[in-house]
Amino acid sequence: MSYCIYLSHPNVDIDPATPVPHWDLSDKGRARLEQGLRQPWLLEIEHVISSKEKKAIETGQIIANHLGVELTTAPNLHENDRSSTGFLPPDEFELVADDFFSRPAISVRGWERALDAQSRVITAIKAVLSSMPAEDPVLFSGHGAAGTLLKCHLANVAIQRQFDQPPNVGGGCWFQFDPADLDACSAKIDQLNWQLIDEVALVS
187 MSYCIYLSHP NVDIDPATPV PHWDLSDKGR ARLEQGLRQP WLLEIEHVIS
237 SKEKKAIETG QIIANHLGVE LTTAPNLHEN DRSSTGFLPP DEFELVADDF
287 FSRPAISVRG WERALDAQSR VITAIKAVLS SMPAEDPVLF SGHGAAGTLL
337 KCHLANVAIQ RQFDQPPNVG GGCWFQFDPA DLDACSAKID QLNWQLIDEV
387 ALVS
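Take the position in the sequence shown, starting the count at 1, then add 186; the result is the number in my numbering.
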């Protein structure tokens with residue numbers, strides 16, 4: 187396996203009356219993805235794998251259509267389970283999210299524990315990659331918190347929100363990782379920095 191890309195879905199249409207996993211990408215999110223199709227590394231991607239949440243599927247489908255490959259959804263790649271609270275106003279959400287990252291062994295207000303979400307996502311990614319040719323680059327279409335938990339595992343660092351996506355951009359961020367680090371956990375955390383999908387960058 188040469189490398190993997192983890193991409194969080196970009197901006198969504200926030201609808202408090204709809205369960206968060208069923209939210210759609212917004213026009214802004216779709217426009218940012220269209221800009222992201224210029225990424226020079228994108229043409230190397232052989233497989234696009236998405237979580238089963240609607241916004242991640244929409245993200246992955248845009249990329250898969252551009253590449254002419256099939257989008258595959260996989261179980262257990264979803265965002266941390268926040269169904270106990272449902273939609274929270276932005277200010278309240280940020281406070282609860284701070285607790286989620288700072289107390290990973292605790293279920294904050296009934297949310298899935300960060301440690302459990304991290305283990306779930308790592309196991310799911312390993313399962314996907316075990317069925318792929320080792321040399322094929324793979325893109326995972328997922329979520330911000332899930333991706334941050336993945337980063338912390340890859341670099342063997344404690345779960346911390348300082349490694350989360352940049353604030354106030356609405357997601358749509360990516361990083362490259364070596365699948366060997368799913369077991370070796372030897373990545374350098376500063377080499378897993380989130381980058382905006384609509385700002386062209388190279389992979390190493």
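All C-beta atoms, glycine included, are put in the ideal place defined by N, C-alpha and C.
Secondary structure of residue i, DSSP reduced to three states
i	result
Thr-271	coil
Gln-377	helix
Ile-231	coil
Cys-338	helix
Leu-281	helix
Thr-146	Any property of residue 146 remains undetermined from this structure, which presents the chain solely from 187 to 390.
Ser-288	helix
Val-314	helix
Ile-345	coil
Ser-305	helix
Leu-368	helix
Residue from the options with nearest C-alpha to residue i
i	options	result
Leu-388	Gly-356, Arg-268 and Trp-227	Trp-227
Gly-333	Val-314, Asp-199 and Ala-300	Ala-300
Leu-281	Ser-270, Ser-269, Val-294 and Gly-272	Val-294
Glu-220	Glu-230, Ile-231, Gln-351 and Gly-246	Gly-246
Glu-321	Ser-327, Trp-297 and Ala-366	Ala-366
Phe-349	Asp-277, Glu-298, Ser-194 and Leu-378	Leu-378
Tyr-189	Val-386, Asp-376 and Leu-368	Leu-368
Rounded C-alpha distance that separates residue i from residue j
i	j	result
Gln-362	Pro-319	18 Å
His-252	Ala-217	14 Å
Leu-263	Ser-236	7 Å
Gly-357	Trp-380	10 Å
Asp-201	Ala-373	37 Å
Thr-271	Ala-283	12 Å
Asn-266	His-329	9 Å
Leu-194	Glu-244	What sits at residue 194 in the sequence shown is Ser, not Leu. Computed Cα separation, rounded: 11 Å.
Pro-196	Asp-210	10 Å
Sheet register partners of residue i (DSSP bridge)
i	result
Leu-382	Cys-359
Val-255	Partner(s): none; Val-255 has no beta bridge.
Neighbourhood of residue i by C-beta, 6 Å cutoff - its chain only, sequence neighbours within 5 removed
i	result
Thr-258	Ile-235
Asn-342	Cys-371
Gly-222	Ile-383 and Asp-384
Ile-375	Ala-341 and Val-343
Asp-285	Val-294
Cβ of residue i within 8 Å of any chain C Cβ
i	result
Pro-276	Of the protein chains in the structure, only one exists, and it is not chain C.
Spatial neighbours of residue i in its chain, beta-carbon cut-off 8 Å, leaving aside the 5 residues before and after
i	result
Ala-260	Ile-235, Ser-236, Ser-237, Lys-238, Ala-310, Ala-313 and Val-314
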